[in-house]
Amino acid sequence: MRLFILPAAVLLGACLYLPLPRAGAYLAAGLRALYAKAAALFAKKNARRPDSAALIACCIAVFALAALLSLLHPIACAVLAAPLFTAWATLPACAETKEKLDSGAYENDIPAYEGIVRSTCAGLAAPFVKGMLAPMLLCTLGIPLHLGSAPGWLFLLVTSVRPRQRPPRLFALIVRRTCDGVMRAMLLLCSCAVGKSPLRARGDTPRALLMNVLGIAGDESDTHAPMAGDISQAAFLCLLVTLVLGIMLTAMLAVFVR
28 MRLFILPAAV LLGACLYLPL PRAGAYLAAG LRALYAKAAA LFAKKNARRP DSAALIACCI
88 AVFALAALLS LLHPIACAVL AAPLFTAWAT LPACAETKEK LDSGAYENDI PAYEGIVRST
148 CAGLAAPFVK GMLAPMLLCT LGIPLHLGSA PGWLFLLVTS VRPRQRPPRL FALIVRRTCD
208 GVMRAMLLLC SCAVGKSPLR ARGDTPRALL MNVLGIAGDE SDTHAPMAGD ISQAAFLCLL
268 VTLVLGIMLT AMLAVFVR
């Protein structure tokens, strides 16, 4: 059963965030509240660096709790990992934006219409890197080591507590290099699904590559004017990346999980 923890967690994440897209914000607020209480506790003890001490203490507590709960049963491990996949929460907003554009609300303002399409499509890249690919890769690391979703919860804690500050070097490495690189590779692999040759796709970042594959990057590589249907294509492409990567990671787990 441990082999199916990752796909089950991704599907449970969809069941959580599609009907309740604000759940991720409440979860992040809860983690920040935990950190704030720990920081206040260390400040009372006259610690030299209460913020750093509080973050380290919270990281140890969250990691240990997640690892212990993941040992209970594979189902418990999958349920515990589900809240990590926050990227699902972006899809209801995309659907609302597309419905508004299709209603003709911007039929007399073409520049605004095209700007909304571009910003909505571009806004999918970062959430899927941090809220889908990162937890998938971290759970794939944790499951064979019997840590379950503990590495993913550690990542979520740090990125929730310090969303606008410079993250620790390890987390910057995970997101900016590993996850960005995987996202770019998967976008190239899946670009044929929307009629773009991987050999002609260009982009140094997942966002730039996604816009180039869609043909609405706003430069000479554009193939058409932005349309509401591009939002559906962007969401489809990100979901296809999730599906293909999930299959690949599950196949990898089959080698290590017994």
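Going left to right, the sequence shown walks through residues 28 to 285 as my numbering numbers them. C-beta atoms are modelled at their ideal positions from N, C-alpha and C, and glycine is treated no differently.
- A distance below 6 Å between beta-carbons, with the five flanking residues on each side excluded, links Met210 to the following residues of its chain, in chain order: Val156, Leu160, Pro233.
- Every alpha helix (DSSP H) stretch that sits fully inside the stretch 202–268 and reaches 4 residues is listed by chain position as 207–217, 233–241.
- Judged by DSSP secondary structure, Lys157 falls outside any alpha helix (DSSP H); it is assigned neither H nor E.
- Just measuring C-alpha positions, the residue of Glu141, Leu45, Ile137, Leu183 sitting nearest Ala93 is Leu183.
- Annotated three-state conformation of Gly150 is coil, per DSSP.
- The DSSP-derived three-state label of Leu92 is helix.
- In this structure, Leu214 sits away from Val144, with a CB-CB distance that is not shorter than 8 Å.
- In this structure the stretch 169–180 touches the stretch 92–112; the number of beta carbon pairs closer than 8 Å is three or more.
- By the Cβ rule, the stretch 130–138 does not count as touching the stretch 241–250, because fewer than three pairs are nearer than 8 Å.
- Rounded to whole angstroms, the gap between the alpha carbons of Pro162 and Ala36 is 10 Å.
- Within the model, the alpha-carbon separation for Pro253 versus Lys125 is close to 12 Å.
- Using a 10 angstroms sphere on the CB of Ser224, the tally of other CB atoms stays under 16, which defines it as exposed.
- In summary, Pro110 is buried, with 16 or more beta-carbon neighbours lying within 10 Å of its beta-carbon over all protein chains present.
- Ala212 has its alpha-carbon roughly 18 Å from the corresponding atom of Gln260.
- Counting along the chain, the unbroken alpha helix (DSSP H) around Glu126 starts and ends at 117–129.
- Leu61 is a Cβ neighbour of Cys85, given a cutoff of 8 Å.
- Taking Leu172 as reference, the option from Ile274, Val284, Gly222, Ala235 with the minimal CA-CA separation is Val284.
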